[in-house]
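Read through the structure below, which is laid out as structure tokens, and then see the notes.
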């Protein structure tokens, strides 16, 4: 990536206030429990019972250390919670005080979000821990994976894509959706090698990024978080200081799940993207939001996100009824 382009993209990615970040929430595998990293409390996760809406606060200082911010979190295929604290990634089993420290982050790397490869055509990659971020000098973006059984994070090869702007999210059938150059993509990671943790293959399915050169900057935003529930894919768009959440239907043809799958040709590609945009829905209108997560819970889709206003972070849950419901808040300490 050219430095000038990198600088422009970094401005969009990292100009959100430090109290918001990508990957701040994740559901359990069965969708019954929601884990939220705390904005204000050190070494703390909130655990929410989705059915009752009850939230419990869990002190993980015995795992990550005292007075440590827990940032981005994710979930492994086995149901463990992956969490980042002080540039260290931990694998924590909910309900226990036990956690495993993963290998150190790559040098010369600023972490943005962690994720997990729930599915891959390459069996050796299933469960790989994923990292997205940027080089410390800001000149290029990085995409890494920790292949199960290996002792270091390795680069994932990405061609003709400037950066992965949102970590992959998976449908129950194993289809993978992610953010690429601020739009929504579908693809796979496979083909692990000795020196590489595989290759990212995919194509844009929905051009969701909004861009303008107006004096006001609330209109320029792109895909920064992705989640899947039921037959829809949810994207959190974020810009300089505002964001929005939209959903689109899952394309009917999971071509990357096929042995001979690949990107659609010109006419089909435009038909696909046109159909996605025609059925796009606004879940959360323009505002400052983060921590997108989604899952199937009791056979119904549930979607979570946080909204910031007046210094308060409101926890919002969308169920099959369709309207966001406030289920909690987090306020700055007095």
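In the numbering used here, the protein residues as written are 2 to 335.
In this text, a Cβ means the ideal position worked out from N, Cα and C, and glycines have one as well.
Inset, instruction - Consult DSSP for residue 65 and reduce its assignment to one of helix, strand or coil. - result: Counting from 1 along the chain shown, the entry for residue 65 is found at position 64. Note: residue 65 maps to helix in three-state DSSP.
Inset, instruction - Using three-state DSSP, classify residue 267 as helix, strand or coil. - result: What you label residue 267 is simply residue 266 of the chain shown in a count that begins at 1. Of the three classes helix, strand and coil, the one that applies to residue 267 here is helix, per DSSP.
Legend entry - Straight-line Cα distance separating residue 254 from residue 161: The count along the chain shown starts at 1 and reaches residue 161 at position 160. The count along the chain shown starts at 1 and reaches residue 254 at position 253. Straight-line Cα distance between these residues: approximately 23 angstroms.
Legend entry - Residue interval of the beta strand (DSSP E) (run including residue 114): Position 113 of the chain shown, counting from 1, holds the residue named residue 114. 110-117 is the span of the beta strand (DSSP E), which, as asked, contains residue 114.
Legend entry - beta strand (DSSP E) segment containing residue 154, residue limits: The residue labelled residue 154 in the question sits at position 153 within the chain shown. Element bounds for residue 154: n/a, residue is neither H nor E.
Inset, instruction - State the Cα-Cα distance for the pair residue 27 and residue 35, rounded to the nearest angstrom. - result: One-based indexing of the chain shown puts residue 27 at position 26. One-based indexing of the chain shown puts residue 35 at position 34. C-alpha separation (whole angstroms): 6 angstroms.
Inset, instruction - Consult DSSP for residue 97 and reduce its assignment to one of helix, strand or coil. - result: The residue you call residue 97 lines up with position 96 of the chain shown. Here residue 97 sits in coil by DSSP.
Legend entry - Nearest-angstrom Cα separation, counted from residue 231 out to residue 327: Residue mapping note: residue 327 aligns to position 326 of the chain shown, counting from 1. Residue mapping note: residue 231 aligns to position 230 of the chain shown, counting from 1. Each residue's alpha carbon lies about 21 angstroms from the other.
Inset, instruction - Grab the span of the beta strand (DSSP E) containing residue 187 for me, first residue to last. - result: The residue you call residue 187 lines up with position 186 of the chain shown. Start and end: 184-191.
Legend entry - Buried/exposed call for residue 330, threshold 16 Cβ in 10 Å: One-based indexing of the chain shown puts residue 330 at position 329. Exposed, since its Cβ has fewer than 16 Cβ neighbours within 10 Å.
Inset, instruction - Quick one: residues in its chain with C-beta nearer than 8 angstroms to the C-beta of residue 274, no 5 flanking neighbours on either side, listed in chain order? - result: Translated into positions along the chain shown, residue 274 becomes position 273. Once the five neighbours on either side are set aside, the close Cβ partners of residue 274 are 205, 206, 207 and 208.
Legend entry - Distance between residue 305 and residue 352 (C-alpha atoms, nearest Å): As displayed, the chain neither begins before 2 nor continues past 335, which places residue 352 out of reach and without an answer.
Legend entry - Alpha-carbon to alpha-carbon, residue 130 and residue 264: The residue you call residue 264 lines up with position 263 of the chain shown. The residue you call residue 130 lines up with position 129 of the chain shown. Looking at the two C-alpha atoms, the distance is approximately 25 angstroms.
Legend entry - Exposed unless 16 or more other CB atoms sit within 10 angstroms - verdict on residue 335: The residue labelled residue 335 in the question sits at position 334 within the chain shown. By the neighbour-count rule (16 or more Cβ atoms within 10 Å), residue 335 is not buried but exposed.
Legend entry - C-alpha distance - residue 180 paired with residue 97, whole-angstrom precision: What you label residue 180 is simply residue 179 of the chain shown in a count that begins at 1. What you label residue 97 is simply residue 96 of the chain shown in a count that begins at 1. Rounded to the nearest angstrom, the two C-alpha atoms are 33 angstroms apart.
Legend entry - Residues bridged to residue 329 [DSSP beta-bridge criterion]: Locating residue 329 in the chain shown gives position 328, where the first residue counts as 1. Residue pairing from DSSP places residue 329 in a beta bridge opposite 316.
Legend entry - Nearest-angstrom Cβ-Cβ length linking residue 246 and residue 285, presumed shorter than 8 angstroms: One-based indexing of the chain shown puts residue 246 at position 245. One-based indexing of the chain shown puts residue 285 at position 284. Confirmed, about 4 angstroms.
Inset, instruction - With DSSP as the reference, label residue 307 as helix, strand or coil. - result: For the purposes of this step, residue 307 is identified with residue 306 of the chain shown, where counting begins at 1. In this structure, residue 307 counts as strand in the three-state DSSP scheme.
Inset, instruction - Determine, using beta carbons only, whether residue 240 comes closer than 8 angstroms to chain C. - result: Of the chains in the structure shown, none is chain C; there is only one protein chain.
Legend entry - Residues that residue 38 bridges to, as DSSP identifies them: Taking the first residue of the chain shown as 1, we reach residue 38 at position 37. Answer is 46, bridged to residue 38.
Legend entry - Delimiting residues of the beta strand (DSSP E) encompassing residue 177: Here residue 177 refers to the residue found at position 176 when the chain shown is read from its first residue. First-last of the beta strand (DSSP E) with residue 177: 177-181.
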